[in-house]
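Written below as structure tokens is the structure these notes are about.
Protein chains: 2
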Amino acid sequence: MLKNDNFLRACRREKTDYTPVWMMRQAGRYLPEYLATRSRAGDFLTLCKTPDLAAEVTLQPIDILNVDAAILFSDILVIPEAMGMELQFLVGEGPHFPDPVKTAADIDKLVIPDPMDELGYVMKAITAINKGLDGRVPLIGFTGAPWTLATYMIEGGGSKNFAVIKKMLYDQPDLLHSLLNKITEAVIAYLKAQIETGVHAVQIFDTWGGILTPDDFETFSLQYIQRIVEEVGGKVPVIVFAKGAGHMMESIAQTGCDVVGVDYMSDIGDIRRRVGDKVALQGNMDPCNLYASPEVIRRKVADILAKYGEGSGHIFNLGHGILPDIPVEHAKAFINAVHELSPAYHKG
Amino acid sequence: MLKNDNFLRACRREKTDYTPVWMMRQAGRYLPEYLATRSRAGDFLTLCKTPDLAAEVTLQPIDILNVDAAILFSDILVIPEAMGMELQFLVGEGPHFPDPVKTAADIDKLVIPDPMDELGYVMKAITAINKGLDGRVPLIGFTGAPWTLATYMIEGGGSKNFAVIKKMLYDQPDLLHSLLNKITEAVIAYLKAQIETGVHAVQIFDTWGGILTPDDFETFSLQYIQRIVEEVGGKVPVIVFAKGAGHMMESIAQTGCDVVGVDYMSDIGDIRRRVGDKVALQGNMDPCNLYASPEVIRRKVADILAKYGEGSGHIFNLGHGILPDIPVEHAKAFINAVHELSPAYHKG
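Protein sequences, first through last, are from chains A and B. Under the numbering used here, the first residue of the first sequence carries the number 1, and numbering increases by one thereafter. Under the numbering used here, the first residue of the second sequence carries the number 349, and numbering increases by one thereafter.
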């Protein structure tokens, strides 16, 4: 039994006494405690793969910031690695796949991992986190969306123009679909294992969905997200967050997901008017707002609460991950402002 | 007298026999002829500042690709440089201001340049281009939007998170407004000088407008664009292109501009339904589409023509600048496809 289930209630648009809040990347470099644990791990990937340390950093923001949900500490790219790709994290340069996917033969070589085995370290972390949480707040599991995972697997890492995957999209769409199908199968198994192991909700991150034209977003990203939602939805709430896809909110809401993440470039009041009778909304303060003084942070929180308006179905969050150089006091001011200012919107 | 004024007629939503087309960054690195001229100039900034060479690269795509408009070859950052900031282009790293704007004193030091003097090399280039064009097609002048120029002046160059300017925006909005006011004054004088010297239309590029929340976009970018449109509109058509601002199209159309640029993440048919009775639209093929084969390029051109539909008021373009590694033959296939497929939409 959870002591604080406000996050889950908001996912289902049930009444709560205040607006629950958490932050994307809340277990992250802005916390000195995180940096200390990471330094003990040695490197980022070892931190992801050491269940006790992954659990430790997952729990830190619960203790320090009083957020209403924990999110599994991991990386979206553990799936391609478990599918057989060598993954490196180069210091200061981000993730790197030295042998990116180029051909049908490369795709054939990829395996659908047994997540309880090849991603067993994630499942062990989930168990350790739930033990440490002791029911204080729910735990969110997650995955990258197939399109977003494919961008890294094909580009070999981060990208500015996504030229390689877009060339494949336009010239060899069938080849790209065969890769997306395989990733989708792996993602479904991975999320089912997370749920079976004990996460209370899952979030699908489509970090790079916004670089697609609307038609291509439907064809190369959303249809795969929809298949995932169909397979894992109903068991636990499913959140879909596609950055830069404010104009696609109606389509995302129609996948059957419970919650749609709203990035900071959108007006959450506008999005609620468009899709708020179908789904809960999560968001959407500009992460750069947290550079401002606590007084300004509080005013911006008030703005977003007012934009969303009265009633349930809002999970407060940033519109993207918290940045590494945000002062911890500012993050605390953000969480406190949501807790203090939101009850006025839940009287009815 | 212009021999081909289809671009200008489309800007005014007057009837044309086909859809005129040009490409953002059409004078650029994908052309071997451009690379040859640039190599004679030595470096990028010298190319911008040598009127005969700037004219030469401006004219190349007219001769090679048969586009319906020329666009002045220059850089948006010549304005901050003329305002007194040292500007460097570091090889492989993009623009760099070693002494970025930090304080009120830094803003006080900036001057409003006399564009006929400090930016005289631009005016000389315009004169040389018009001589070379000999009325074949119109010449588009341009500027960066004040917000976009301010990002470079405050961040000191390109940025990932725009943390410095956003910190100023949230904590010292008045300071930022004083800078934006000064830039706006310089931009208005600059565009008036371009028009007086002979450009037939002007485009305002707000490359980074899309990183703002909708409220902040109105406050820190659009109100300054509006002031520019009020000062220079009526004389020549004014195009406003804000990347990543698909959800702000109604607001942009209300500035009084003649043409709104549409990025590739938007559906141009949807945008036409929303604002097409007020303004012409320019766009919006994904620049990465040009990596695909000429057959696929032709099909994508057909898609966008069909999305816009029948009648005037469409200027075909990419939804962002052409990329440096696009084969010239693909760029030609793009221009030819627009010219060949569009007359069917202008029968009425």
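Quick reminder that beta carbons are idealized off the backbone N, C-alpha and C, glycines included. These numbers were taken from a predicted model, which means no experiment stands behind them.
Closest by C-alpha distance to F73(A), out of I126(A), M116(A) and G94(A), is I126(A). Secondary-structure assignment with DSSP links Q436(B) through a beta bridge to H444(B). Secondary structure at V202(A): strand, using DSSP grouped into helix, strand and coil.
A straight line joining the alpha-carbon of P463(B) with that of A537(B) spans about 7 Å. Collapsing the DSSP output to three states places M633(B) in a strand.
K514(B) sits buried, since 16 or more C-beta atoms from the chains shown fall within 10 Å of its C-beta.
Two segments are said to touch when three or more pairs of C-beta atoms, one from each, lie closer than 8 Å; by this definition the stretch 286–301 of chain A touches the stretch 328–339 of chain A. By DSSP's assignment, I652(B) forms no beta bridge with any residue. In the DSSP annotation of this structure, the continuous segment of the alpha helix (DSSP H) that includes I455(B) starts and ends at A452 to K457. Here the C-alpha atom of I455(B) lies approximately 30 Å from the C-alpha atom of I322(A). Here H668(B) carries a coil assignment [DSSP, helix/strand/coil]. Close CB contacts of P237(A) within its chain, under the 7 Å cut and outside five residues either way in sequence, are with L8, C11, R12, A201, D258 and V259 (chain order).
For the stretch 200–216 of chain A, residues whose beta-carbon sits nearer than 9 Å to a beta-carbon of chain B comprise G210, I211, L212, T213, P214, D215 and D216. DSSP places I326(A) outside both helix and strand once states are collapsed to three, so it counts as coil.
Scanning G311(A), L318(A), I326(A) and D325(A) for the CA closest to the CA of S342(A) turns up G311(A).
If you draw a straight line from the Cα of K363(B) to the Cα of A692(B), it is about 13 Å long. Each residue's CA atom was taken as its position, placing M433(B) and P448(B) some 8 Å apart. Bounds of the alpha helix (DSSP H) holding G468(B) are G468 to L481. Residue contact check for M613(B) against chain A: a CB pair falls below 9 Å. For the set L523(B), P672(B) and P409(B), the Cα lying nearest the Cα of K160(A) is the one of P672(B). For the 9 Å CB-CB criterion, G581(B) and G609(B) do not form a contact.
For the stretch 640–669 of chain B, the set of positions with a beta-carbon nearer than 7 Å to some beta-carbon of chain A reads A640, S641 and V644 in chain order. Residue-level contact check: L323(A) touches chain B, since one or more beta carbons of chain B fall below 9 Å from its beta carbon. Rounded to whole angstroms, L59(A) and L393(B) show a C-alpha spacing of 52 Å. Within 8 Å of the CB of Y382(B), no CB atom of chain A is found; the nearest one sits about 19 Å away. Taking CB atoms only, N684(B) has no neighbour in chain A less than 9 Å away. The beta carbons of I76(A) and T148(A) sit about 7 Å from each other, so the pair counts as a contact at 8 Å. If you draw a straight line from the Cα of L379(B) to the Cα of R373(B), it is about 11 Å long.
P138(A) and A69(A) do touch by the CB rule: their CB atoms are close to 5 Å apart, below 8 Å. Taking a beta-carbon distance threshold of 9 Å, H177(A) does not count as an interface residue toward chain B. Straight across, the Cα-Cα distance linking F205(A) with F142(A) is about 7 Å.
In chain order, G661 place their CB closer than 8 Å to the CB of G624(B), counting only its own chain and leaving out the 5 sequence neighbours on each side. In the DSSP annotation of this structure, the continuous segment of the alpha helix (DSSP H) that includes V535(B) starts and ends at P521 to T545. Contact check for K49(A) and R136(A): beta-carbon distance about 25 Å, past the 8 Å limit, so the pair fails to qualify.
With respect to chain B, the C-beta atom of A242(A) has no partner C-beta closer than 9 Å.
Within chain A, the residues C288 have their CB atoms less than 8 Å from the CB of F510(B), given in chain order.
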